[in-house]
Amino acid sequence: MTNVVGYARVSKREQNPAAQEAELRAAGASRVFVDHGESSRIADRPQWLACLDYLREGDTLLVRRLDRLGGSERIIIETLHDLDRRGVNIKSLTEPMIDTTTPMGRALFGMVAVFAQLRVDTIRENTMRGLAHAKSQGRVGGRPSKMTPEKIAQAHRMRAEHRSLDHIAAVLSVGKSTVARALNKADQELTQTQR
11 MTNVVGYARV
21 SKREQNPAAQ
31 EAELRAAGAS
41 RVFVDHGESS
51 RIADRPQWLA
61 CLDYLREGDT
71 LLVRRLDRLG
81 GSERIIIETL
91 HDLDRRGVNI
101 KSLTEPMIDT
111 TTPMGRALFG
121 MVAVFAQLRV
131 DTIRENTMRG
141 LAHAKSQGRV
151 GGRPSKMTPE
161 KIAQAHRMRA
171 EHRSLDHIAA
181 VLSVGKSTVA
191 RALNKADQEL
201 TQTQR
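FYI, in our numbering the residues of the sequence shown are 11 to 205.
Below, the structure written as structure tokens:
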């Protein structure tokens, strides 16, 4: 008889995982691992790691929904492939097509995994294409720099007064590495224009 192991997770401390745990036990989980107040973006959640360590080939991992495994499609896909390689079945209470304990479930899981991976790859490809286009137009992706031209000029003045990077960063309310990068970039641009 297969060993059914449950995994439940809530992201916030004020949330109560008891309902998830009760559902998993009612569905046959002999043991349930519960992460309480753990972000879905973190792979090294304590009870998740304990659950992975506990699972053996032939066991079934039972979750309420696949999003309990991770906060992004990439994390979920990687987790599902890892479990599949280890011979661990996966079953979702609210997503009936995710049940690798049956031949039909395994076939559907394979198709879902392929389409999910295709979506992740397409998003990545579109992002790279968009960044390349922006770069060709002279624009750079990412957040705007906290170092405005005024702040860079102020940083140059303070550096000329032999102020430390820590002092400059504190005055400008930015990180020390942000100041260092901005000053280095300005120095490199100045050197190039003097050639």
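Yeah, the Cβ is synthetic: ideal placement off N, Cα and C, and Gly gets one too.
Under the DSSP assignment, A18 falls in the beta strand (DSSP E) whose first and last residues are V14 to V20. If you look at D176, you'll find it in the alpha helix (DSSP H) that goes L175 to L182. In the DSSP annotation of this structure, the continuous segment of the beta strand (DSSP E) that includes D45 starts and ends at R41 to H46. Taking 8 Å as the upper bound for CB-CB distance, I178 and A170 are not in contact here, some 11 Å apart. Collapsing the DSSP output to three states places D109 in a strand. Here DSSP, grouped into helix, strand and coil, assigns S146 to helix.
Using a 10 angstroms sphere on the CB of P106, the tally of other CB atoms stays under 16, which defines it as exposed. C-alpha of V44 to C-alpha of A37: approximately 16 Å in a straight line. Here S50 is near G81, since their CB atoms are less than 8 Å apart.
Residue range E83 to R95 is occupied by the alpha helix (DSSP H) that includes T89, with no beta strand (DSSP E) assigned at that position. Residue state for V73 is assigned as strand, using DSSP reduced to three classes. Per DSSP, the unbroken alpha helix (DSSP H) holding K161 starts and ends at P159 to A170. Note on geometry: alpha-carbon atoms of I162 and L128 lie some 43 Å from one another. Judged by DSSP secondary structure, K101 falls within the beta strand (DSSP E) whose first and last residues are N99 to S102. If you check the CB distance, D69 and V98 come in under 8 Å. Boundaries of the alpha helix (DSSP H) around E33: A28 to A36.
Between L90 and E33, the C-beta gap is not smaller than 8 Å, which leaves the two residues out of contact.
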